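There are 2 protein chains.
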Amino acid sequence: MQHVSPDSCPLAAPEPPSERSDAARNRLRILAAAQELFDTHGVESVSMDRIAAEAGVGKGTLFRRFGSKAGLAAALLDTQDSRLQERILFDPPPLGPDAPARDRILAFFDAYLDLVDDNLELLRLSETAAPGARYRIGSYGFWRVHLALMLREACPDLDADCTAHLLLAPLDSDLQHALRQGQFTPDRIRGTLLTLVKRVIAD
Amino acid sequence: MQHVSPDSCPLAAPEPPSERSDAARNRLRILAAAQELFDTHGVESVSMDRIAAEAGVGKGTLFRRFGSKAGLAAALLDTQDSRLQERILFDPPPLGPDAPARDRILAFFDAYLDLVDDNLELLRLSETAAPGARYRIGSYGFWRVHLALMLREACPDLDADCTAHLLLAPLDSDLQHALRQGQFTPDRIRGTLLTLVKRVIAD
DNA sequence: CCCGTAAACGGACTGCGGTCCGATTGGGGG
DNA sequence: CCCCCAATCGGACCGCAGTCCGTTTACGGG
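So the protein sequences, as listed, match chains A and B. Following our numbering, the numbering of the first sequence begins with 6 at its first residue and continues without gaps. Following our numbering, the numbering of the second sequence begins with 6 at its first residue and continues without gaps.
The following block contains the structure:
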């Protein structure tokens, strides 16, 4: 969920110490039920009780496994997050290695906005369920570290670590949601954000 | 709360249509009790029930008046918000009128960070109590409009309205809180943010 | 001074996210 | 094949934010 090592994805690769068969069955049931209910009724109006009922498990099982509603959302997002992380590590330029840092930064923002466009509701659930949740999620750490590395290379005179945090702020799902609710189209947001980032990382 | 017209501040100037005396008394009691409890026990661990009990009013009264826990926080912040709004409108340059737009933008970010330093917990409560709360609060609209006006003047080639939203994102109280929890000092955040803004609004 | 009414009051109530702990069950060792 | 125990299960339970509605009260007009 948070790193890219193989065992980091609880959905695709349960850890070797073997998961009991009923546990595995219930995990899949829960994820399927949650996906189904979220798609049908919208993320906001589906309660954890209902997910548990639909999955045919007890509430305790649901919470032991995913910790919170935000954790459940994070698990559902994990596939997409991991895919983007792998693309950053292995894809051809400009998103992957061997491109100038400035290009990789812009490509990252562009790719992340795709992810936002496709998963806004789930992102919002995972980031706003509890205060500070966004900054504790594993994938946030990945984006931050990647961006800081690129910034260090592209703009040695900036405080890369701190700037990385600040530059990620406009990607906040709650802001992106608010903008889309208002008069702003995804394309307009994308264009403006990329322009802004360009100016920050210009010589 | 949202504008600067005299009757916009529910604390300092109740609207002329006369407020019943018991209502006024209870409003003051609630605000005093909330301030006291927040200062003593921290914002997070004070429940609305407790505030109502401490103020000697029913829960219904509390919610009819302030709408939500976030609304209560907004009321407590109103004094500070209004003060900054007035300073922006009437103070001498560079924060007030008659300074170059670029200088006013930087002065605004600097002044807002002072407000953050002094009221982080309340800001966080008002902005994270419900998804999207930050962008519905009246004062957010003020900052956004002001910044957009200045941007239009300073950088005519930018999409001022959209850029204003994106530039305000790093001021999100939840991010500011997370940064301060981590390795970042207020001064470091301030310096980095001002540098970032400078780059965005550079020629 | 009293009375009618519109407004304010307040606590019981709901549904939520999240916790706890006794009951249940899977699966390796004897 | 059975037994045991650690891991899992599941629903009763908690405190919370927020709602509802019958009751009380302020106050302007008669």
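Note that CB positions come from ideal geometry on N, CA and C, so glycine has one too. In this text the structure is predicted, and so the values were computed from the model without any measurement.
Can you check whether the C-beta of residue i is within less than 8 Å of a C-beta belonging to chain B?
i, result
"GLN182 (chain A)", "The amino acid occupying residue 182 (chain A) in the given sequence is His; Gln does not appear at that position. Interface residue, yes."
"ALA174 (chain A)", "yes"
"VAL205 (chain A)", "yes"
"PRO136 (chain A)", "yes"
"PRO11 (chain A)", "A caution first: PRO11 (chain A) carries a pLDDT of 37, below 50, which makes its placement in the model unreliable, though a value can still be read off. Not one chain B Cβ lies under 8 Å of PRO11 (chain A)."
"MET6 (chain A)", "With a pLDDT of 39 at MET6 (chain A), under the threshold of 50, the modelled position of that residue is not reliable, and the figure given next carries that caveat. Judged by the 8 Å Cβ criterion, MET6 (chain A) is not in contact with chain B."
Can the beta-carbon of residue i be found less than 8 Å from the beta-carbon of residue j?
i, j, result
"LEU36 (chain B)", "PHE114 (chain B)", "no"
"LEU152 (chain A)", "ILE110 (chain A)", "yes"
"ASP164 (chain A)", "ARG193 (chain B)", "yes"
"GLU132 (chain B)", "VAL48 (chain B)", "no"
"ALA75 (chain B)", "ARG34 (chain B)", "no"
"PRO97 (chain B)", "ALA112 (chain B)", "no"
"LEU201 (chain B)", "THR197 (chain A)", "no"
"ALA174 (chain A)", "ALA138 (chain B)", "no"
"SER178 (chain A)", "ARG129 (chain A)", "yes"
"ALA79 (chain B)", "ILE142 (chain B)", "yes"
"ARG204 (chain B)", "ARG195 (chain A)", "no"
Quick one: list the residues of chain B neighbouring residue i, beta-carbon separation under 9 Å, in chain order.
i, result
"HIS170 (chain A)", "PRO175, LEU180, ALA183, LEU184, GLY187, PHE189, ILE194, THR197"
If we define contact as Cβ-Cβ less than 8 Å, is residue i a contact residue for chain A?
i, result
"ARG92 (chain B)", "no"
"ASP122 (chain B)", "no"
"THR45 (chain B)", "no"
"PRO19 (chain B)", "A caution first: PRO19 (chain B) carries a pLDDT of 38, below 50, which makes its placement in the model unreliable, though a value can still be read off. PRO19 (chain B) does not count as touching chain A."
"THR133 (chain B)", "yes"
"TYR117 (chain B)", "no"
Which same chain residues end up closer than 8 Å to residue i when comparing Cβ atoms and leaving out the 5 residues on each side of it in sequence?
i, result
"ASN124 (chain A)", "LEU82, GLN85"
"VAL51 (chain A)", "ALA39, LEU42, PHE43"
"TYR117 (chain B)", "LEU89, TRP148, LEU176"
"VAL9 (chain A)", "Because VAL9 (chain A) carries a pLDDT of 39, less than 50, the predicted location of this residue cannot be relied on, and no value is offered for it."
"ALA134 (chain A)", "SER73, LYS74, ALA75, ALA78"
"ARG30 (chain A)", "none"
Check the Cβ of residue i against every Cβ in chain B and list those closer than 8 Å, keeping chain order.
i, result
"ASP164 (chain A)", "ARG193, GLY196, THR197, THR200"
"ARG129 (chain A)", "PRO136"
Could you pull out every residue in the same chain whose Cβ sits closer than 7 Å to the Cβ of residue i, ignoring the five residues on either side in sequence?
i, result
"GLY63 (chain A)", "ALA57"
"HIS46 (chain A)", "none"
"ARG25 (chain A)", "none"
"PHE71 (chain B)", "LEU77, ALA80"
"LEU67 (chain B)", "ILE35, MET53, ILE56, ALA57"
"ARG32 (chain A)", "ARG70"
Tell me which residues share the same chain as residue i and place their Cβ nearer than 6 Å to its Cβ, disregarding the 5 neighbours each side in the sequence.
i, result
"PRO191 (chain B)", "ASP122"
"ALA159 (chain B)", "ALA106, ARG107, ILE206"
"THR168 (chain B)", "LEU156"
"GLN181 (chain B)", "VAL121"
"SER144 (chain B)", "ASP86"
"ASP119 (chain B)", "none"
"LEU16 (chain B)", "Any reading at LEU16 (chain B) is ruled out, since the residue's pLDDT is 37, under 50, leaving its predicted position unreliable."
*Runs of alpha helix (DSSP H) wholly within the region 42-111 of chain A (minimum 4 residues, chain order)*: Within the region 42-111 of chain A, the complete alpha helix (DSSP H) runs of at least 4 residues are 53-60, 64-71, 74-95.
*Jot down the residue ranges of each uninterrupted alpha helix (DSSP H) in the region 151-181 of chain A, minimum 4 residues, whole runs only, in chain order.*
Here the runs fully enclosed are 165-173.
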